[in-house]
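Residue numbers (our numbering): 81 to 838. Heads up, the beta-carbon is just placed ideally off N, CA and C, and yes, glycines get one too. All figures in this text were calculated on a predicted structure; none of them were measured in a lab. Below is one structure, written out as structure tokens, with a few remarks after it.
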């Protein structure tokens with residue numbers, strides 16, 4: 081036992097003695113009763129001490145494991161939480177009668193009436209009205225059911241501290257009166273509370289304890305409820321097989337009890353778990369069964385939720401129009417029934433579908449409406465999610481300041497309500513925004529923090545995503561070995577937890593990194609493997625991206641026919657699924673392919689089509705890239721003034737959206753254009769600015785290109801010593817990052833040595 085455990089055990093021991101003393105003093109009316117109570121309390125405290133002595137070494141071991149992980153390393157929670165079940169009026173009345181062993185008095189009747197009114201307000205989602213009614217009931221009578229009901233209300237408004245206190249008091253009162261049912265309720269409430277706080281290991285512990293009690297008292301209804309809760313908790317830590325096992329048991333009990341409502345709810349949960357396993361046929365099957373039950377029993381709210389869920393399922397397999405066909409009536413039902421929470425869910429999911437289609441204007445509109453509702457109904461958790469979604473939408477169109485604003489709001493809310501998973505997601509999204517703005521050090525800082533939380537709350541999906549994003553950041557910095565290190569870890573986790581979509585994404589990322597390292601065979605191998613998985617899991621978006629990446633690789637090895645073929649396939653998929661951004665990428669890829677075979681007019685045509693799409697969907701970052709591509713095409717056509725005009729437009733956008741990496745690239749391109757115009761001093765000035773930015777943001781590849789450009793400028797001015805100095809620095813960088821450009825720079829240095837000596 082370590083010092084901390086010893087000190088805590090001693091403190092608890094002292095408290096035990098004080099409690100025993102107090103018990104004897106307050107129970108003098110019966111020495112025999114006092115002795116029994118003291119013995120019970122002493123036994124309980126001994127159990128606590130022994131438990132803590134076991135827990136603390138385990139906690140320290142976990143801390144040590146985390147400390148050893150010195151290397152730099154959301155399920156987006158898809159589960160729709162059920163409302164906690166409150167004790168019924170009959171159960172509460174029975175509990176009061178048992179506790180007081182007397183006929184219900186006028187005061188007790190008033191307490192019960194206040195409780196019933198509170199439950200009515202609770203069921204109508206009027207939580208701020210329900211809590212004062214429960215307060216009133218508790219002022220008249222202290223009973224576990226009242227504390228549990230108030231705890232449930234506090235939990236739903238994210239006042240977790242007050243909720244926890246109520247559950248603990250309910251547990252103590254139940255334990256005191258040997259009310260096993262009350263103990264089970266209180267433990268279940270604590271489980272749901274910790275689940276809401278993303279502390280899923282604790283949630284599972286409390287739900288397990290409650291499950292033992294309800295099985296002991298043969299309460300099948302509560303057993304089914306707890307199995308459902310356990311299923312959600314296991315799903316939240318990516319233990320999907322365990323989640324399915326619990327949910328299947330719960331479904332069996334619900335059917336045996338003839339509870340059609342719970343049967344429908346559990347079918348919905350099974351669908352959600354299957355969604356996490358990318359078992360889309362099962363998802364649609366479970367949701368469709370659940371929808372039929374909801375319509376049969378006339379549950380309009382659940383009908384809307386399931387229509388929304390089916391929409392999300394179809395969105396996951398890139399059937400966006402079908403997704404909208406389900407999500408639109410879901411929104412209509414929520415609006416008709418006055419279900420503001422359901423309305424917010426449908427708006428948020430419609431926004432996500434339109435974002436997947438690159439319809440960012442619509443995505444922003446729907447997410448903004450959803451955000452307004454969350455603030456109106458004071459749902460802080462959903463407010464944080466909507467703010468994060470808006471941040472992602474603005475990120476996608478290159479409006480990074482706006483993205484940062486909403487992602488920062490999402491982070492602040494998550495921290496305020498102690499939502500660790502929400503905090504993790506917000507940190508990861510902020511990291512991506514900093515990465516897009518070429519603020520790589522900040523990006524790494526946020527991703528590492530997100531990674532730490534993912535590991536702390538056992539979010540394996542989030543851990544893999546953070547690792548993948550760290551890889552992306554290092555790739556953007558030209559640090560390819562580090563990128564591969566993180567991307568490989570992300571791939572390992574995806575395979576361990578059966579996340580096929582994560583596996584496919586990690587393979588695509590590895591392929592992209594190997595492509596930049598000119599290891600084209602490996603790049604092709606990874607992209608082909610990613611393509612196979614994308615087709616297997618019906619991920620049309622991923623399939624199109626993998627095809628586009630293969631097209632880029634084949635272009636780099638001079639197989640231009642194959643390059644064009646793959647880009648045409650990618651273009652067809654993007655148009656089929658309505659992915660406008662993917663369509664733009666494929667058109668740009670075709671432009672690159674034709675540029676490589678010197679068909680610059682054709683290349684320019686494709687770039688212009690892609691530019692039109694980028695402008696239509698408000699993708700400022702894409703606009704800048706395509707203007708840069710058009711500048712390069714006109715450079716090759718020796719239309720230097722046009723090239724300069726396009727580069728200046730691209731540079732302006734890069735500065736407007738804070739894209740420092742793009743800014744450096746376009747300055748370098750302007751340097752090259754002025755070099756071709758024999759304007760060597762202007763070229764040198766642009767290369768110097770590009771070099772400064774590359775060093776500032778840690779972009780090693782950009783630094784190498786700028787140094788090489790300066791070498792060319794000084795060579796053109798016959799300043800060979802300076803040229804050799806800059807080319808030597810460029811060569812050192814290209815060799816470090818294993819860039820194929822090292823070979824060309826070596827040749828330039830050899831030529832310069834000859835010129836210098838002649």
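- In terms of Cβ geometry, residue 675 and residue 683 form a close pair [threshold 7 Å].
- Here the alpha carbon of residue 483 sits roughly 37 Å from the alpha carbon of residue 245.
- Taking one beta carbon from each stretch, the segment 649-659 and the segment 688-695 have fewer than 3 pairs nearer than 8 Å; the two do not touch.
- Per DSSP, residue 224 is one residue of the alpha helix (DSSP H) stretching across 224-236.
- A Cβ-Cβ separation of about 7 Å places residue 224 in contact with residue 266 under the 8 Å criterion.
- The shortest C-alpha to C-alpha distance from residue 600 to any of 639, 208, 573 is the one to 639.
- Assignment of residue 818 by DSSP, reduced to helix, strand and coil, places it in the coil class.
- Distance from the Cα of residue 365 is smallest, within the candidate group 350, 375, 203, 227, for 350.
- Measuring C-alpha to C-alpha distances from residue 361 to each of 616, 624, 719, 822 identifies 616 as the nearest.
- Fewer than three beta-carbon pairs drawn from the segment 506-520 and the segment 717-732 are found closer than 8 Å, and the two stretches are therefore not classed as touching.
- For residue 595, the secondary structure class from DSSP, reduced to helix, strand or coil, is helix.
- Just so you know, the alpha carbons of residue 319 and residue 473 end up roughly 30 Å apart.
- Contact annotation, residue 477 with residue 503: C-beta distance approximately 25 Å; criterion of less than 8 Å not satisfied.
- At the C-beta level, residue 690 and residue 664 come within 7 Å of one another.
- Secondary structure note for residue 429: its alpha helix (DSSP H) is the uninterrupted segment 420-436.
- When secondary structure is reduced to three states using DSSP, residue 167 falls in the coil class, being assigned neither helix nor strand.
- If you look at residue 505, you'll find it in the alpha helix (DSSP H) that goes 500-516.
- Burial is judged here by how many other beta carbons sit within 10 angstroms of a residue's own beta carbon; residue 343 has at least 16 and is buried.
- A contact between stretches requires three or more CB pairs, one per stretch, nearer than 8 Å, and the segment 453-472 fails this requirement with the segment 246-254.
- In this structure, the alpha-carbon of residue 570 lies about 14 Å from that of residue 610.
- Judged by DSSP secondary structure, residue 757 falls outside any alpha helix (DSSP H); it is assigned neither H nor E.
- In the DSSP assignment, residue 309 falls within the alpha helix (DSSP H) that extends over 300-316.
- The residue among 668, 735, 734, 708 with its C-alpha nearest the C-alpha of residue 722 is 708.
- For the set 578, 497, 760, the Cα lying nearest the Cα of residue 273 is the one of 497.
- Assignment of residue 697 by DSSP, reduced to helix, strand and coil, places it in the coil class.
- Counting only the Cα atoms, residue 446 lies some 11 Å from residue 411.
- Residue 253 sits in a helix when the DSSP states are folded into three classes.
- Inter-residue distance for residue 288 and residue 310 is about 8 Å (C-alpha atoms, whole angstroms).
- Put simply, the backbone Cα of residue 221 is about 37 Å away from that of residue 336.
- From the listed residues 572, 736, 687, the smallest Cα separation to residue 712 is found for 687.
- When rounded, the separation of the alpha-carbon atoms in residue 368 and residue 606 is 36 Å.
- For residue 413, the uninterrupted alpha helix (DSSP H) run begins and ends at 400-417, by DSSP.
- Counting along the chain, the unbroken alpha helix (DSSP H) around residue 675 starts and ends at 660-676.
- Judged by their CB atoms, residue 540 and residue 573 are nearer to each other than the 7 Å cut-off.
- For residue 770, the closest alpha carbon among the candidates 734, 486, 303 is that of 734.
- Residues 264, 302, 303, 306 of the same chain have their beta carbon placed closer than 7 Å to that of residue 294, with the five preceding and five following residues left out of the count.
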